[in-house]
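Visitor:
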Amino acid sequence: MRKVLCVEPVIFCYVFAFSLTTPLVQQFIYRRLWEQEYNSTFISDSNASHCEQNKSSPAYIKQKEVQEKASVFIMQLDLTRAVPSLIVAFVVVANGDRQGHKRSLVLPSMGALISSISFTAISYFSLSLSVLFAFAFISGLFGSIATFLGGGFAYIAEECHDEKQKTTRIAVVDLIFGVVSGLAGLSSGYFLRGIGFAWTFVIASLLHVINIIYIVFFLEDTVGVSQFQHEAPVSWKDLLRETFSGVYMLFQTAPYKKRILIIVLLFTFMTYLFTVLGGTSLFTLYELDEPLCWNEVYIGYGAAASTSVSLTSFLGVYLFSKCLKDIYIVFIGMCSYIGGMIMAAFAKTTLLMFLVRVPSLFCFMPIPVLRSMLSKVVLPGEQAGFCAQAGMGRTWLCWYLKKYPA
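Terminal number for the sequence shown in my numbering: 475, no gaps in between.
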């Protein structure tokens with residue numbers, strides 16, 4: 070069977086399934102906790118969800134308790150999945166040169182399939198929510214969207230030998246991520262209203278199954294089988310040492326000021342990423358309750374509006390980079406995010422909540438720009454040594470470092 074080198078369909082299906090289920094997971098957990106607290110079925114009509122707006126009512130107090138419990142539960146579930154997935158992401162993507170990048174795509178797809186199946190079973194058979202923690206940890210062992218996107222970018226970087234074609238295809242992936250996630254978020258409410266939680270999660274599971282079949286049987290690997298077989302077998306101990314040695318050597322040989330600068334940039338990048346992802350995840354729970362009382366369709370509209378910010382941020386980086394320094398672009402992006410979150414804190418109407426996305430148009434700009442600043446701190450000679458030591462000579466990260474040196 071002749072195999073292809075087109076990874077874009079894989080990214081399309083994965084991002085659509087991921088963005089389709091993300092707003093549904095929070096609504097599903099909220100509704101289940103709401104039903105446990107009230108001992109009745111959750112009600113949602115064509116205009117708004119069933120929520121109490123009278124602050125002196127006992128039902129309002131219980132409603133806020135449900136919101137708090139849902140927030141804590143979702144945070145614990147995310148941490149259960151995130152901790153193992155971050156380790157897997159670093160090891161699997163970093164060793165893509167040796168073992169190929171297909172496993173960076175198929176493993177997260179299998180983890181997402183396990184997660185979707187678990188939500189399908191829990192929603193269909195009304196199982197306990199505590200079961201989700203076991204499935205979240207298991208799915209985290211297969212990696213996450215970070216592993217998937219890292220493998221996808223690395224696959225394109227290694228498969229394309231022409232720099233212009235490589236840049237174009239990476240830009241296309243960014244465009245796919247923004248457009249598809251917006252369409253999935255927009256349709257999530259209609260899926261939920263039309264077929265319910267269980268069958269929506271079934272659709273997401275089918276998309277992941279299609280992805281796995283395509284990756285395993287139709288997608289060509291970037292490292293040939295014969296090439297891999299001729300290499301001497303490497304133990305897990307040597308593999309881990311090889312993976313982390315590049316980072317260790319970079320800090321060991323760098324001057325003191327450069328090490329401090331790298332640490333500050335890494336801390337800023339991780340802190341901002343944590344703040345953006347954590348802050349935007351609160352929107353669904355806030356929109357479900359008083360004073361907005363949104364239903365599933367409006368929440369889908371809100372999710373689509375939020376994901377469209379990735380497109381405006383991409384355009385912002387492209388335009389601002391022509392006339393501003395990187396640090397100013399980072400400040401603009403941070404101020405954009407701060408303005409949006411302050412506006413969301415005082416948003417009491419549907420129109421105002423949708424307008425929150427206007428000051429947040431450039432909130433994603435600091436993420437790629439901080440990565441670029443990190444690449445400029447590392448000198449070209451150190452980049453080559455880092456990539457060689459870490460066994461990542463052909464990955465997307467090292468291609469990026471070589472293309473955009475200091």
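Think of the CB as a built atom: it goes at the ideal place given N, C-alpha and C, for glycine as much as any other residue. Just so you know, these numbers come straight off a predicted model, no measurement behind them.
(1) Throw me the rounded Cβ distance for the residue 121 and residue 129 pair, which I believe falls under 8 Å.
(2) Along the chain, where does the alpha helix (DSSP H) containing residue 96 start, and where does it finish?
(3) Below 8 Å between beta carbons: does that hold for residue 288 and residue 73?
(4) Three or more C-beta pairs under 8 Å: does that hold for the segment 218-228 against the segment 194-202?
(5) Spell out a yes or no on whether the segment 331-339 and the segment 388-395 are touching, meaning 3 or more CB-CB pairs, one atom from each, closer than 8 Å.
(6) Can you tell which of 425, 416, 423, 396 has the C-alpha that lies nearest to the C-alpha of residue 443?
(7) Give every residue of the same chain whose Cβ lies closer than 6 Å to the Cβ of residue 102, excluding the five residues on either side of it in the sequence, and list them in chain order.
(8) So, helix, strand or coil for residue 425, using DSSP?
(9) With a CB to CB cut of under 7 Å and the five nearest residues on each side skipped, what residues in its chain are close to residue 175?
(10) Anyone know if the C-beta pair for residue 189 and residue 274 falls short of 8 Å?
(11) In whole angstroms, what separates the C-alpha of residue 401 from that of residue 430?
(12) Taking the alpha helix (DSSP H) that residue 180 falls in, what are its first and last residues?
(13) Buried or exposed, going by whether 16 or more other CB atoms sit within 10 Å of the CB of residue 230?
(14) Please tell me whether residue 158 and residue 91 are closer than 8 Å, where the distance is taken between their beta carbons.
(15) Report the residue from 182, 379, 369 whose alpha carbon sits nearest the alpha carbon of residue 262.
(16) Inspect the beta-carbon positions of residue 422 and residue 416 and report whether they are closer than 8 Å.
(17) Of all the options 131, 78, 109, 373, which has the alpha carbon lying nearest to the alpha carbon of residue 255?
(18) In three-state terms, what does DSSP make of residue 288?
(19) Which residue wins for smallest C-alpha separation from residue 434, given the options 253, 403, 418, 325?
(20) Considering Cα atoms alone, identify which of 98, 172, 106, 357 is closest to residue 147.
(21) Please name the residue, chosen from 252, 100, 323, that lies closest to residue 265 on a Cα-to-Cα basis.
(22) Taking DSSP's pairing of strands, which residues face residue 73 in a bridge?
(23) Which of the three DSSP states, helix, strand or coil, is assigned to residue 358?
(24) Just how far apart, CA to CA, sit residue 357 and residue 387?
(25) Could you name each continuous alpha helix (DSSP H) segment of 4 residues or more that falls completely within the segment 213-288, going from the start of the chain to the end?
(26) Relative to the C-alpha of residue 437, which candidate in 339, 123, 277, 185 has its C-alpha closest?
(27) Is it buried or exposed, residue 233, if we count other Cβ atoms within 10 angstroms and call 16 or more buried?
(28) Please look up how many angstroms separate the CB atoms of residue 353 and residue 145, rounded, as I've assumed it's under 8 Å.
Guide: Put simply:
(1) Yes, residue 121 and residue 129 are in contact; Cβ-Cβ is about 4 Å, under 8 Å.
(2) Boundaries of the alpha helix (DSSP H) around residue 96: 77-107.
(3) Residue 73 is positioned such that its CB atom lies closer than 8 Å to that of residue 288.
(4) Result no; under three Cβ-Cβ pairs closer than 8 Å.
(5) No, because fewer than three Cβ pairs between the segment 331-339 and the segment 388-395 fall closer than 8 Å, the two stretches do not touch.
(6) Taking each of 425, 416, 423, 396 in turn and checking the Cα distance to residue 443, the smallest one comes out for 396.
(7) Cβ neighbours of residue 102 beyond the five flanking positions: 135, 138, 139.
(8) Correct three-state label for residue 425: coil.
(9) Hits under 7 Å: 281, 284, 285.
(10) In this structure, the beta-carbon distance from residue 189 to residue 274 falls below 8 Å.
(11) Rounded to whole angstroms, residue 401 to residue 430 spans 10 Å at the Cα level.
(12) Its alpha helix (DSSP H) spans residues 171-194.
(13) So residue 230 counts as exposed.
(14) The Cβ-Cβ distance between residue 158 and residue 91 does not fall below 8 Å.
(15) The shortest CA-to-CA distance from residue 262 to any of 182, 379, 369 is the one to 369.
(16) The answer is yes: Cβ separation under 8 Å.
(17) Scanning 131, 78, 109, 373 for the CA closest to the CA of residue 255 turns up 373.
(18) Three-state DSSP puts residue 288 in a strand.
(19) The option with the nearest alpha carbon to residue 434 is 403.
(20) Taking only the C-alpha atoms, the option nearest residue 147 is 98.
(21) For residue 265, the closest C-alpha among the options 252, 100, 323 is that of 100.
(22) Bridge partners of residue 73: 288.
(23) In this structure, residue 358 counts as coil in the three-state DSSP scheme.
(24) Roughly 36 Å between the two C-alpha positions.
(25) For the alpha helix (DSSP H) assignment, the uninterrupted runs of no fewer than 4 residues enclosed by the segment 213-288 are, from N- to C-terminal side, 214-228, 232-286.
(26) For residue 437, the nearest C-alpha among the options comes from 339.
(27) When all chains shown are included, residue 233 counts as exposed.
(28) About 16 Å separates the beta carbons of residue 353 and residue 145, which is beyond the 8 Å limit, so they are not a contact pair.
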